[in-house]
Amino acid sequence: VLPHLEVKVVDPVSGVTVPRGTQGELCTRGYSVMLGYWEDPERTAEAVDPGRWMHTGDLALMREDGYVEIAGRIKDMIIRGGENIYPREIEEFLHTHPKISDVQVVGVPDARYGESVLACVIPRDPSDAPTLDEIRAFCRDRLASYKIPGRLEVLAAFPMTVSGKVRKIELR
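Residues in the sequence shown are numbered consecutively from 98, following my numbering.
Encoded structure:
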């Protein structure tokens, strides 16, 4: 990473360091880490723990060789019936569908499971957009059943920020 900077990956709920190869929240500690938010002790307490570890909000995995892979953002994680679902994994898989040009996956409220998986897709051909049944069949036997989208929205474009990032909050 950087000289004099410590890095670890922790369970986002318990804060316990997870084994290499396990996804969790990326934390950093060192001279380059901020001391806190100016005159905002509540936000500081959310971001920096008593051990001076800054919780980045990034979902990451530390490989066996010590390299870190960023997998997404913790706040994007979907919790469905107690299972943690990482949208990026589903998005990467759905990008291989022949009818999908682009895809974003978000969690939406679900009365039974807390959240369900919504796939928002931009089709390659707007006149031949994939159906929910086609997407579910494509995912079957390749993704865990709880990760398979339960809802589908077909869009012409995604809402974007001025800096060019998808505004996932508007997709929910």
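Heads up, the beta-carbon is just placed ideally off N, CA and C, and yes, glycines get one too. Given the structure is predicted, the values throughout are model-derived calculations rather than measurements.
Look at isoleucine 245 here: in three-state DSSP terms it is coil, with no helix or strand label. In the structure shown, the three-state DSSP call for leucine 268 is helix. Aspartate 173 carries a helical assignment under DSSP once its states are collapsed to helix, strand and coil. Taking C-beta separations shorter than 8 Å and ignoring five residues to either side along the sequence, the partners of arginine 239 in its chain run Phe190, following chain order. The bridge partners DSSP lists for proline 206 are Glu212. One thing to note: arginine 177 has its Cβ within 7 Å of the Cβ of glutamate 212.
Valine 106 and serine 224 have their C-alpha atoms spaced approximately 44 Å apart. Taking all protein chains in view, the Cβ of valine 202 is crowded by 16 or more other Cβ atoms within 10 Å, so the residue is classified as buried.
In the same chain as asparagine 181, and ignoring 5 residues on each side of it, the C-beta atoms closer than 7 Å to its own belong to Met174, in chain order.
Taken in chain order, the complete beta strand (DSSP E) segments of 3 or more residues contained in the region 119-181 are 120-127, 151-159, 165-170, 175-177.
Comparing C-alpha distances from isoleucine 171 to each of Leu132, Pro220, Gly204 shows the shortest one belongs to Gly204. Contact annotation: valine 214 and glycine 169 have beta-carbon atoms that are not nearer than 7 Å. In terms of CA proximity to proline 206, Leu268 leads the group Pro220, Val145, Leu268. In the three-state scheme derived from DSSP, where H, G and I count as helix and E and B as strand, leucine 252 is classed as coil.
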